[in-house]
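Trainee: Handing you a structure now.
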């Protein structure tokens, strides 16, 4: 069962992203929102190609560039439908 993991906290302020990556399944996806898009500043997530998404509004607000698939809010909803489960790391 594939899970979409949604993160919104900065990877520099806590260990949510690291914890998520430890439990990530082979078919799971990761959606970065809010300050979590700062994780795109390094190449640690390159192994998630094709399964890494970032919310367009948050990427633009922080003037970042990325190789992750950028999605808008309707795209976020579609990802939530495409994956079997959604896990938000609060």
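Residue numbers (our numbering): 202 to 291. C-beta atoms are modelled at their ideal positions from N, C-alpha and C, and glycine is treated no differently.
#1: Can you list, in chain order, the residues of its chain with a C-beta nearer than 7 Å to that of residue 249? Leave out the 5 residues immediately preceding and following it.
#2: What first and last residue would you give for the alpha helix (DSSP H) that runs through residue 260?
#3: I'd like to know if the segment 210-219 and the segment 274-285 are in contact, where contact means that at least 3 CB-CB pairs between them fall below 8 Å.
#4: Considering only the beta carbon of each residue, do residue 269 and residue 291 sit closer than 8 Å?
#5: Look at the alpha carbon of residue 262 and the alpha carbon of residue 239, and state the distance between them as a whole number of angstroms.
#6: May I have the straight-line CA-CA distance separating residue 217 from residue 277, to the nearest angstrom?
#7: Per DSSP, residue 279 is paired with what?
#8: Work out the CA separation of residue 287 and residue 225 for me, nearest whole Å.
#9: For residue 244, which residues in the same chain have their Cβ closer than 8 Å to its Cβ, ignoring the five residues on either side in sequence?
Mentor: In brief:
#1: 231
#2: 257-262
#3: no
#4: no
#5: 11 Å
#6: 20 Å
#7: Looking at the DSSP assignment, residue 279 forms no beta bridge with any residue, so it has no partner.
#8: 12 Å
#9: none
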